[in-house]
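Going by this note's numbering, the sequence shown opens with residue 204, and the numbers climb by one from there. Taking it in order: structure first as structure tokens, then the write-up.
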Amino acid sequence: MALKLGERYRTNGKHGPWYGFRLRLARKLVFSKWHQAFGGKLKFIISGGAALQPRLSRLFFAAGIPLMEGYGMTETSPVIAANHLSEPDSLMIGTVGPTLKNIEVKIDEDGEILVKGPSVMLGYYKDKKNTAEVIDKDGWLHTGDIGTFEKGKFLKITDRKKEMFKTSSGKYIAPQAIENILKESFFIEQVMVVGENEKFASALISPNFEYLHVWAHDRHIHFRDNQELVQHPDVQKLFQKEVDRYNKLLGRTEQIKRFRLVCEEWSAATGELSPTLKLRRRVIYNKYADLLREIYNYAPGEENRGSIKFNDV
């Protein structure tokens, strides 16, 4: 109940009396334990380094623990934008907040975020070539991130420029934006969208096995291990339903036409994620090359069209 209430939380405080009553109950019975786990004096949390799922931010706000997303780079010393509570209208879940007042931020023609100001580095130490590639002649630092401004004020990161790919029809797809939408599902822990030079976008999905095990137990689904579980017809139907639900939020070319479930949990320890929990796409491409060939119906020995980057490390 507490988790479901958290999903519906709105930072503007516009909730009905029945919702407010249940939220107070949830805070007393459940969320108070969260405060205790953090030591009892926690005021707020700043999140950075990797994209934060909006449902997690809403959930922590509902618990009385403001979880606010920020954005920056070492090259910008480091903060560029951040949600905060010190001023009215300085918070918007799903964005990294308003930009700092002493720097300029603009969106380039191709969607890349550019930054200028006193916090931007002078350059890479004794490396004029890489400096010139990052900082243009007008002093704008090219972050490599793709983004937009929401309501003309709140910066939203949609993807990394180098991670965008083009389908065989010439349509560009920003995989991170699609991945973040799919991860709104409680059943999906991690997902990687693929489809470079292919006719359509597909996905490799690493389930939230803790949640999936409870779901399977409640439905008397018996399995020996995760490999057998993800192959179960009822589990396949469940994830197809989840993918179909979130496809409705995507454009036609962005929709996931096919997917495959993997039986492993992705983590930094096993190599699929970086220390900051970003996808190591090349590692995942290589690890699941056979699944990718299966998704796109590659014949044995057929030349790679782009989706499968064999040994590209």
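Where is the CB? At the ideal position from N, CA and C, for every residue including glycine.
Quick check on the DSSP output: the alpha helix (DSSP H) that includes residue i runs from which residue to which?
| i | result |
| --- | --- |
| glutamine 393 | First-last for glutamine 393: 391-397, but that is the beta strand (DSSP E), not the alpha helix (DSSP H). |
| glycine 223 | 220-229 |
| proline 378 | 378-385 |
| alanine 205 | 205-210 |
| lysine 244 | Note, lysine 244: premise wrong, no alpha helix (DSSP H); not H, not E. |
| aspartate 493 | 492-498 |
Under three-state DSSP, which class holds residue i?
| i | result |
| --- | --- |
| leucine 463 | Reading the sequence as shown, one finds arginine at residue 463 and not leucine. Arginine 463 falls in the strand class under three-state DSSP. |
| glutamate 401 | coil |
| proline 503 | coil |
| glutamate 278 | helix |
| isoleucine 316 | strand |
| alanine 254 | coil |
| leucine 259 | helix |
Is the CB-CB distance between residue i and residue j below 7 Å?
| i | j | result |
| --- | --- | --- |
| serine 409 | valine 465 | yes |
| threonine 279 | valine 318 | yes |
| tyrosine 212 | arginine 261 | yes |
| tyrosine 449 | leucine 385 | yes |
In terms of residues, what are the limits of the beta strand (DSSP E) holding residue i?
| i | result |
| --- | --- |
| glutamate 307 | 307-310 |
| glycine 275 | 270-275 |
| serine 250 | 248-250 |
On the criterion of 16 or more Cβ atoms from any shown chain inside 10 Å, does residue i qualify as buried, or is it exposed?
| i | result |
| --- | --- |
| tryptophan 343 | buried |
| alanine 471 | exposed |
| phenylalanine 247 | exposed |
| phenylalanine 224 | exposed |
| valine 433 | buried |
| glutamine 443 | exposed |
| methionine 295 | buried |
| valine 446 | buried |
Complete beta strand (DSSP E) runs within the stretch 318-376 (minimum length 3 residues, chain order): 344-353, 357-363
Completely contained beta strand (DSSP E) runs for the stretch 411-485, where each covers 3 or more residues: 459-464
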